[in-house]
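Take the sequence shown: its letters are residues 11 to 189, numbered as in the numbering used here.
Heads up, the beta-carbon is just placed ideally off N, CA and C, and yes, glycines get one too.
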Amino acid sequence: SGMPYYVRQFLEGDTLHDMMKKSDRKVPLDRLVSIFLRVCDAVKYAHSCGVLHLDVKPENVLVGLHGRVYLIDWGMARVLPSKAKEVQSDFDPDMLNNVRYSGTVQGTPGFMAPEQIRQTGRWNEQTDVYGLGALLYFILTQRSTLAFCMNHLGYIISRSIINYSIGLTRIIFLCSPIA
């Protein structure tokens, strides 16, 4: 009938979060590291195409049948203008980059890079690398960096009162593992 339609592969499996939190058996660390390395490969490939994922987290890592690993939910993805020109394609990066939710912080607390929290729009490959670091922290501790932050919130707030004006952005920045 000439109407456009969208087709995609149906993926079956469990998210990394579900594998780790709801499993009767503990997932071996070498298996988790193997999954993490595959996610790193997916992010590396996306970056080579000039695309940022911007929402790397355990809920967006799907481990499919036969152990295949997928980085899913590219709804927050952005195309880097500088790299989009290098990749030969008919794809218009502005089509993806202009999809925004005005006035909202996009991302998952505990996995967002400081530049996402500050909403500067100055994202680059390091933004996803920060998310990968937070994902690795989750794999090793089974806690998000936000859980770490909440355990140290009293210290962080007292430090904020003494040294800085209190603001959610500053508190979250102080909670980041690299602060």
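- Between residue 30 and residue 136, the CB-CB gap reaches or exceeds 8 Å.
- Secondary structure at residue 74: strand, using DSSP grouped into helix, strand and coil.
- In the structure shown, the three-state DSSP call for residue 143 is helix.
- When beta bridges are read from the DSSP output, residue 80 appears opposite 72.
- Residue 89 is positioned such that its CB atom lies no closer than 8 Å to that of residue 49.
- Cβ neighbours of residue 126 within its own chain (closer than 8 Å, five residues either side excluded): 64, 115, 116, 117, 133, 137.
- Each residue's CA atom was taken as its position, placing residue 69 and residue 21 some 14 Å apart.
- Residue environment for residue 154: buried (at least 16 other C-beta atoms within 10 angstroms of its C-beta).
- When the five nearest sequence neighbours on each side are left out, the beta carbons in the same chain lying within less than 6 Å of the beta carbon of residue 52 are those of 81, in order along the chain.
- Taking residue 145 as the centre and dropping the five residues before and after it, the same chain places the C-beta of 66 closer than 6 Å to its C-beta, in chain order.
- In this structure, residue 23 lies away from residue 62, with their beta-carbon atoms at least 8 Å apart.
- A distance of 8 Å or more separates the beta carbons of residue 149 and residue 47.
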